[in-house]
Each structure stands twice: as structure tokens, then as C-alpha cells.
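The numbering used here numbers the first residue of the sequence shown as 562 and each following residue consecutively.
Ideal Cβ positions, reconstructed from N, Cα and C, are used throughout, including at glycine.
Below is one structure, written out as C-alpha cells; comments come after it.
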Amino acid sequence: EEEGLYGDLPGTTIIEEDTNRSNDSCSFELVENVPYDLAFEINSTAAKPLYQAWMRLLDITQEEIHVASYYWSLTGKDINVNDSSSKQGEDILKRFERLLAENVSVYVAASMPTLATNSTDLELLEEKGAHVKKIDFGHLSGGVLHSKFWIVDMKHIYIGSANMDWRSLSQVKEFGAVIYNCSCLAKDLWKTFSTYWDLGHANATIPFPWPLNYSTHINNHRPLEVEFNGILTKAYFSVS
Numbered sequence: 562e563e564e565g566l567y568g569d570l571p572g573t574t575i576i577e578e579d580t581n582r583s584n585d586s587c588s589f590e591l592v593e594n595v596p597y598d599l600a601f602e603i604n605s606t607a608a609k610p611l612y613q614a615w616m617r618l619l620d621i622t623q624e625e626i627h628v629a630s631y632y633w634s635l636t637g638k639d640i641n642v643n644d645s646s647s648k649q650g651e652d653i654l655k656r657f658e659r660l661l662a663e664n665v666s667v668y669v670a671a672s673m674p675t676l677a678t679n680s681t682d683l684e685l686l687e688e689k690g691a692h693v694k695k696i697d698f699g700h701l702s703g704g705v706l707h708s709k710f711w712i713v714d715m716k717h718i719y720i721g722s723a724n725m726d727w728r729s730l731s732q733v734k735e736f737g738a739v740i741y742n743c744s745c746l747a748k749d750l751w752k753t754f755s756t757y758w759d760l761g762h763a764n765a766t767i768p769f770p771w772p773l774n775y776s777t778h779i780n781n782h783r784p785l786e787v788e789f790n791g792i793l794t795k796a797y798f799s800v801s
């Protein structure tokens, strides 16, 4: 079972195999948010609404969810806005609260300092039992934590452009993908989350070299062969 440098992020069993072919039969779905009042041509193709995709992932979460996001701002009051377009973001926040009430483990990695200076989302979730780490990449190496992804029960994934922001569900164009029943990729993405988590500790420094358990055999030179919707596909993750 692999754990982080500090041992406070529960590990997951990852078996590195010589083959880059997965036996998982994964389901892949494009998701997007289309800003309110943006008109499409008649018969235009649209992906699944991001709000619906997020709610489904939260509904099927049974044990744990890991979320990496630049910042959180899911309520209109964060920017002193009283507008119906913030409702979906507020629904998402309430659903996270329900997960915590149901004893689901919630782990969040976010960037520090935050763009959402008035948001209390993460403080609220921490009070209810969520585990939160804020990473100061500006101090560590320059830049910010720009990844946006979820890992649900170590087998379902959301990855895309959307921050945990109510405007990403109503006013901003966002695009991404949800991958279901794909533990091979979920466990690989978890390695990225675990690096963020460890760098969120007080006085953390970037290890040199990183321990071997953070490395992956899945990359652009050796992508993983995996079935998406019954079609053999090659896939790997890159990190920003």
C-alpha cells in the first residue's frame, strides 16, 4: 500500500505491472458548461452538463473523494452576489456537506494564496470533517496549483477546466471528461494528488529525488492501453 511522505494521506494499493495494457473496461463521457444565454444552432451537439456530471459523481461516492482545484468559491455570497445562477454551485457545496455527514472521507488540495479571498467553503467543510491542504507553489517553485480533477472511490475521475466555482456551472465555458470504472487511471492520478498533498505540509520542500512510489510507468512515451466505451484507447495524464 502506497502512502505519502508524511503518512497522513491514507494510501492505496497500486500494483505496477510490466504491461501497459489495462483490463479495466472504462466508460468515458465528455462534459461541459455552456454559459447562460449562449444560444446554440438548432441540432447542435452538446456534451453532458457539468453540473449533472458532478452531481452524479457525488451521488455514487461511497467511501472517499479527492479533489484538486486552484480555488473554491461555490456560493454567490463569496462576491456579494444574490443571483439565481449561483444555485448550482451552492447545491454542489451542500452535497459535499452531505457526504461528510454520511462519513465519506473528503480530501481537498487547493492553491495558496487563493483568488477567492472571501470564500469560506473550505473552512466550512473542514469544520464538518474534510481534510484540506493548501499548497504555496509560489514559495516552492513559482506558479500555482492549476490542476482541476476529482478521484472518486479510486475508480471514477473528473478532469477538466472547471474550478470549484459556481460561475463554472453557470457563467463560464468549461470543458472536461468523466471516466467511470477506471481504477488503473484513477490510481495513477492519485499519485499526482499525493504529491500536492505532501507539498501542502508546513515547511514542506520539494524532495530530490522524489521517492520511487511517486513515479509512474504511464506517460507520453508509454501510454496506457485501456478500453473507453468498448474502444481500445491510449491514455496518460500530464500535470499543470
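If we ignore side chains and look at the alpha-carbon of each, how far apart do residue 696 and residue 749 end up? C-alpha separation (whole angstroms): 20 Å.
Contacting residues, own chain, Cβ-Cβ under 7 Å from residue 698 (five flanking each side not counted): Excluding its 5 nearest sequence neighbours in each direction, residue 698 has C-beta neighbours in its own chain below 7 Å: 672, 704, 705 and 706, listed in chain order.
Strand pairing of residue 668, partner residues [DSSP]: 627 and 692
DSSP-derived helix/strand/coil call for residue 731: coil
For residue 603, three-class secondary structure by DSSP: Residue 603 falls in the coil class under three-state DSSP.
Relative to the C-alpha of residue 702, which residue among 627, 767, 799 and 643 is closest? Nearest C-alpha to residue 702: 767.
Can you have a look at residue 605 and say buried or exposed, based on whether 16 or more other CB atoms are within 10 angstroms of its CB? exposed
Output needed for residue 645: all residues of its chain with C-beta closer than 7 Å, excluding positions within five of it in sequence on either side, in chain order. The answer is none, since no qualifying residue turns up.
Tell me where the alpha helix (DSSP H) around residue 586 begins and ends. Careful: residue 586 lies outside any alpha helix (DSSP H), inside the beta strand (DSSP E) at 582-594.
Test item: CB-CB of residue 581 and residue 778 under 8 Å: In this structure, residue 778 lies closer than 8 Å to residue 581 by Cβ.
Coarse secondary structure for residue 771, derived from DSSP in three states: DSSP places residue 771 outside both helix and strand once states are collapsed to three, so it counts as coil.
Buried or exposed: residue 649, going by 16 or more other Cβ atoms within 10 Å of its Cβ? buried
Which first and last residues belong to the beta strand (DSSP E) in which residue 789 is found? Residue 789 -> beta strand (DSSP E) spans 785-789.
May I ask you to report which of helix, strand or coil DSSP gives residue 717? Looking at residue 717 - three-state DSSP - the assignment turns out to be strand.
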